[in-house]
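Enquirer: Provided herewith is a single structure, encoded as structure tokens, for subsequent inquiry.
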Amino acid sequence: MKKSISENSVFWAVRFITYSIVAIIGYIIFDIVIKGLPTINLEFITGFPRSSGSEGGILPAIVGTVYLVFGAILVSLPLGMASAIYLSEYAKQGRFTRMIRLAIVTLAGVPSIVFGLFGLGLFVIFLGFGASIISGSFTLAFMILPTIIVSSEEALQAVPKSNREGSLALGATEWQTIYKNVLPYALPGMFTGSILGVGRAAGETAPILLTVAAFFLPRLPSSIFDQVMALPYHLYILATQHPEAEKVLPLQYGTALVLLILVLIFNLAAIFLRSYFRKKYKW
Amino acid sequence: MVNFNDSKITVENLNFYYGKVQALFDINMKISEKKVTALIGPSGCGKSTFLRMFNRMNDIIDGTHHTGSVLIDNRDIYKDGIDIVALRKKVGMVFQKSNPFPKSVFDNAAYGPRIHGVKDKANLYEIVEKSLKDAAIWNEVKDRLDENAMGLSGGQQQRLCIARALAVEPEILLMDEPASALDPKSTARIEDLIGTLKQKYTIIIVTHNMQQASRVSDYTAFFYEGKLIEYDYTDKIFRNPEIKQTEDYITGRFG
Amino acid sequence: MSIAASASIIIVFLIFIFLLKEAIPFISNPGLNELFSSNWIPVSFQKEQFGIYPLISGSVLVTVIATVLLIPFGVIAAVYISEIALGFEKEILKPFIEILAGIPSVVIGFFGLVVLSPIIKGLFNLNTGLTALTGAVLLALMAIPTVITISEDAIRSVPKSYKEASLALGASRLQTIFRITVPAALPGIIAAIMLGMGRVIGETMVVLMVTGNAAKISWNPFDSVRTMTATIAAEMGEVAIGSTHYSALFWVGIILMIITFGLNIVAQKVLKKYQMR
Ligand SMILES: Nc1ncnc2c1ncn2[C@@H]1O[C@H](COP(=O)(O)OP(=O)(O)OP(=O)(O)O)[C@@H](O)[C@H]1O
Ligand SMILES: [Mg+2]
């Protein structure tokens, strides 16, 4: 049949296009892994950079990124979860919640570099924190807040209504109901979504460019008001600003790989956790 | 219509609205203590809505309001300053779809007592055992108290939910089609159970099953399009209804 | 709790306030007119000029090319994953696409710099591989997960009865997909593309690293261009706080914010109107 042959070929074309996207993604990861691996060794991970990053390790950048991410979690997780609980469990749907939702959508769409400008204006200059971990962490926290709120709310909504009604009907207060009979089942989902947000924070460059990142700082920070190096920024500097960019190519690949691994760990953990909990909690 | 001098619940001129849509129209009704009152009527006529007035579960739906009053033990439960928690403790509810929490059998039954402050292990165990016995499920679950309640059969789940409601020692038990999702055997068990429970509790049950209403209830109220059409002794309603709509409905000639 | 919930509102306001606060000095000197001209020469011995047209044209060029690439690839992949792929394929493809969403933009930019741009240079016989096209290709790739995920939602929520009715009338699967399913899901797909475009316009690192950063008005995909985002990122590090140049960069940020805000609102409206979410 002529028709089914042409239909088949269209299906194959569609399949081919989809898999070529997959192939490109695969190739990016493959390229970075293959060329990055030879650079990675103990000295690279645990050493300090020398001669403005042309030699040595990237420990301060790793530590800096970890601090920034940790700070961002500390700020955004409680704020995001509380927002989500309010929106999903307490608030009567009305003007106020509509405004909050509009704000969340708006925040989610703000370009990361604009977050950088904002962080520069508010934390670095107005509050006088300077370029520092605290400025960077707050900026990143605000950036990932929408992700955390949206995924936490989804997790709360996934808890069946009967869990709430049943509990309220037994005379539990609203808070008891949430605390004992909703949150425990929503928490895994809330954390999963948050991990995705955090993964994003770890890889972002633009916001920290203006609020915290140091070009070359071969020591570890001693307070939250210190500047730090950060992996994404370090990669950017090595790749574009280094006088001998060609020469330090292996270091660039090494840094890219470490960053990729860090972020992929977050993402894989989130994807894995999600499917695990989906299977575990089927109601 | 029936009228009691010493009613447990009195409903006066009750109108209820979901937003702008009125779901209950000017309902007046008294409900007798330690009896079973059945609410029947076609789907969407407002039975569940009416039932949920008694423990103020309609409060949790955004945008609802009502006029008129609902008195339990001669106190208006919608008056300002009423303790909703205490009200819901006094008025237990069993839902149409059995809704055990995804916790162990024990934790399900102990949920109510715990939130009301019972901490003592032995005391808690006693309450759980008693309510599981009262709900006629003790023998089936006494060896699996630690298992997740989601693993019980449908009928067992529903009886566990009854036990969970009993564990807070209510005076009134609201049941919204408690057996509609169960097989005949489990249904029979629930009906038997209702027969025993009415010695201690005032029971209001919503049902679509005419036989069930006639078997378990003392009084029956027929609702149609949000209005209370006829309310009388169950015998009377099923044998000799006064109003044609009621007759059409219970004989299945409803169009 | 409600205070925490208002945080989002407060932050949005703070963003506007602090962008404006730093941008306002520009209004009195040299005046907003200065922005609407076609030369961006922020550092000069004669006269500094802050015309943002070249930056806007840079962003527009890159975004248009990326969107042209994004639409067929994103939609086709979404159709494939939701309507054609076998069960186990889906299980593999979806996480894979999600992983792409997780790759940091600076890593993609780095890949573009050292792998893609030499390829483009060779392929089209150019002086430099750092072109609008290079950036657009990478941006399209980065926006693909957004487009796929949201389009797929929209495609999946097309009622089964539509498809069954079409198949029952003797339409082939292919006809059903392109005549019934995709048109029915179109609002969701359009919203997906708009949200993808939002990502493209707002993306910084990739364009900063691979588009060559030449601030000139050009509509040639093989030219080097400089986007609004890249301008802020590249120049903010070197300006004196409070200078005219500094204020001008905040204006660029405000314009960016307005554009992405508009795109987002319209996309959400489309999504909501058709109850896709
Ligand atoms: N949450 C709600 N919001 C808006 N309208 C509602 C809501 N719940 C019920 N209604 C409407 O109120 C009316 C009465 O509904 P109710 O659930 O009380 O009927 P019912 O008699 O219990 O029906 P069924 O036998 O199907 O359970 C119906 O028209 C229904 O559509
Ligand atoms: Mg009902």
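Chains as they are written, first to last, in the numbering used here: chain A, 1 to 283; chain B, 1001 to 1255; chain C, 2001 to 2277.
Even glycine gets a Cβ: it sits at the ideal position worked out from N, Cα and C.
Computed from a prediction, not measured in an experiment: that's the story for all the values here.
Alpha carbon to alpha carbon, how far is A/Leu127 from C/Thr2229?
Expert: Those two C-alpha atoms are separated by around 25 angstroms.
Enquirer: Quick one: is A/Pro221 buried, meaning 16 or more other Cβ sit within 10 Å of its Cβ, or exposed?
Expert: That one is buried.
Enquirer: Give the secondary structure of A/Lys2 by DSSP, where H, G and I count as helix, E and B as strand, and everything else as coil.
Expert: The pLDDT assigned to A/Lys2 is 47, lower than 50, so where the model puts this residue is not dependable; a value taken from the coordinates is nonetheless given after this. Correct three-state label for A/Lys2: helix.
Enquirer: So, is the C-beta of A/Gly136 closer than 9 angstroms to a C-beta in chain C?
Expert: False, the Cβ-Cβ gap to chain C never drops below 9 angstroms.
Enquirer: Along chain C, in chain order, which residues have C-beta atoms closer than 7 angstroms to that of A/Asn163?
Expert: By Cβ distance, chain C contributes nothing, its closest Cβ being about 19 angstroms from A/Asn163, past 7 angstroms.
Enquirer: Closer than 7 angstroms by C-beta to C/Ser2002: which residues in its own chain qualify, once you throw out the five before and the five after it? Chain order, please.
Expert: Result list for C/Ser2002: empty, nothing under 7 angstroms.
Enquirer: In chain order, what residues of the same chain have a beta carbon less than 6 angstroms from the beta carbon of C/Ala2215, not counting five sequence neighbours either side?
Expert: Trp2040, Pro2054 and Arg2226.
Enquirer: Please list the partners that A/Leu68 has in chain B, where partner means a Cβ-to-Cβ separation under 9 angstroms.
Expert: Neighbours of A/Leu68 on chain B: none; closest Cβ ~37 angstroms, over 9 angstroms.
Enquirer: When Cβ atoms are compared, which residues of the region 175 to 198 of chain A fall closer than 8 angstroms to chain F?
Expert: Of the protein chains in the structure, A, B and C, none is chain F.
Enquirer: For the region 69 to 96 of chain A, which residues have a CB atom closer than 7 angstroms to at least one CB atom of chain B, in sequence order?
Expert: Hits within the stretch, in order: Lys92 and Gln93.
Enquirer: By how many angstroms is the C-alpha of C/Ala2066 removed from the C-alpha of C/Met2194?
Expert: Using only the alpha carbons, I get a separation of about 12 angstroms.
Enquirer: At a Cβ cut of 7 angstroms, what residues of the region 228 to 244 of chain A count as close to chain C, listed as they run along the chain?
Expert: Residues passing the 7 angstroms Cβ filter: Pro232, Leu235, Tyr236, Ala239 and Thr240.
Enquirer: Is there contact between the region 1186 to 1194 of chain B and the region 1058 to 1068 of chain B, where contact requires at least three CB pairs shorter than 8 angstroms?
Expert: Taking 8 angstroms as the limit for Cβ pairs, the verdict is that the region 1058 to 1068 of chain B does not touch the region 1186 to 1194 of chain B.
Enquirer: Express the C-alpha separation of A/Gly171 and B/Val1011 in angstroms, rounding to a whole number.
Expert: Near 22 angstroms, if we compare the C-alpha coordinates of A/Gly171 and B/Val1011.
Enquirer: If you count every other CB in all the chains shown that lies within 10 Å of the CB of A/Leu42, and 16 or more means buried, which is it?
Expert: Burial call: exposed.
Enquirer: Would you list the residues sitting across from B/His1286 in a DSSP beta bridge?
Expert: The first residue shown for chain B is 1001 and the last is 1255, placing residue 1286 of chain B beyond what the model contains.
Enquirer: Among all the DSSP beta bridges, which residues are the ones paired with B/Pro1241?
Expert: Answer is none; B/Pro1241 lacks a bridge partner.
Enquirer: What does C/Gly2253 touch in chain A if you count any residue whose Cβ is under 9 angstroms from its own?
Expert: Going along chain A in sequence order, the residues near C/Gly2253 (Cβ under 9 angstroms) are Pro111, Ile113, Val114, Gly116, Leu117 and Phe118.
Enquirer: Quick check on the DSSP output: the beta strand (DSSP E) that includes B/Ile1205 runs from which residue to which?
Expert: Where B/Ile1205 is concerned, the enclosing beta strand (DSSP E) stretches over Thr1202 to Val1206.
Enquirer: Using 8 angstroms for Cβ pairs, my map puts B/Arg1052 next to B/Ile1077. What's the rounded Cβ distance?
Expert: So it is not a contact: roughly 12 angstroms between Cβ atoms.
Enquirer: Within this structure, are the beta carbons of B/Ala1110 and B/Ile1082 separated by less than 9 angstroms?
Expert: Contact: no.
Enquirer: What would DSSP say about A/Tyr27, mapped onto helix, strand or coil?
Expert: If DSSP states are grouped into helix, strand and coil, A/Tyr27 belongs with the helices.
Enquirer: Taking CB distances under 9 angstroms as the criterion, tell me whether B/Val1168 reaches chain A.
Expert: Interface residue, yes.
Enquirer: Among the residues of its own chain, which have a CB less than 6 angstroms from the CB of B/Gly1092, if the five just before and after it don't count?
Expert: Within the same chain, B/Gly1092 has close Cβ partners Ala1165, Pro1170 and Leu1173.
Enquirer: For A/Glu153 and A/Ile85, what's the separation of their Cα atoms in angstroms?
Expert: Approximately 7 angstroms, taken between the alpha carbons.
Enquirer: Among B/Asp1080, B/Ala1213 and B/Lys1200, whose alpha-carbon lies nearest the alpha-carbon of B/Ala1179?
Expert: Selected option, being the one with the closest Cα: B/Ala1213.
Enquirer: Closer than 8 angstroms, Cβ to any Cβ of chain C: which residues of the region 141 to 169 of chain A, in chain order?
Expert: So the list reads Phe142, Leu145, Pro146 and Ile149, given in the order they occur along the chain.
Enquirer: List the endpoints of the continuous alpha helix (DSSP H) containing A/Val159.
Expert: Taken as a continuous stretch (DSSP letters only), A/Val159 belongs to no alpha helix (DSSP H), as it is neither H nor E.
Enquirer: What do you reckon, is the C-beta of A/Glu174 under 8 angstroms from a heavy atom of ligand 2?
Expert: No, since every heavy atom of ligand 2 falls outside the 8 angstroms radius drawn around the Cβ of A/Glu174.
Enquirer: Does any residue of chain A have a CB that is nearer than 9 angstroms to the CB of C/Ile2065?
Expert: No, no contact with chain A.
Enquirer: CA-CA distance, A/Ser20 and C/Gly2074?
Expert: Straight-line Cα distance between these residues: approximately 12 angstroms.
Enquirer: Measuring CA to CA, which of C/Ala2184, C/Leu2116 and C/Ile2265 is closest to A/Ile104?
Expert: Answer by Cα proximity: C/Ile2265.
Enquirer: Please return the same chain residues whose Cβ sits closer than 7 angstroms to the Cβ of C/Ala2234, not counting the five positions on each side in sequence.
Expert: Taken in chain order, the residues that qualify are Leu2208 and Asn2213.
Enquirer: Return the chain-ordered list of same chain residues with a C-beta closer than 8 angstroms to the C-beta of B/Glu1033, the five sequence neighbours on each side being excluded.
Expert: Within the same chain, B/Glu1033 has close Cβ partners Asp1006, Ser1007, Lys1008 and Thr1202.
Enquirer: Nearest chain A C-beta to B/Ala1213 closer than 9 angstroms, yes or no?
Expert: Output row for B/Ala1213: interface = no.
Enquirer: Which residue or residues does DSSP assign as beta-bridge partners of B/Phe1222?
Expert: BP columns for B/Phe1222 point to B/Ile1040 and B/Glu1230.
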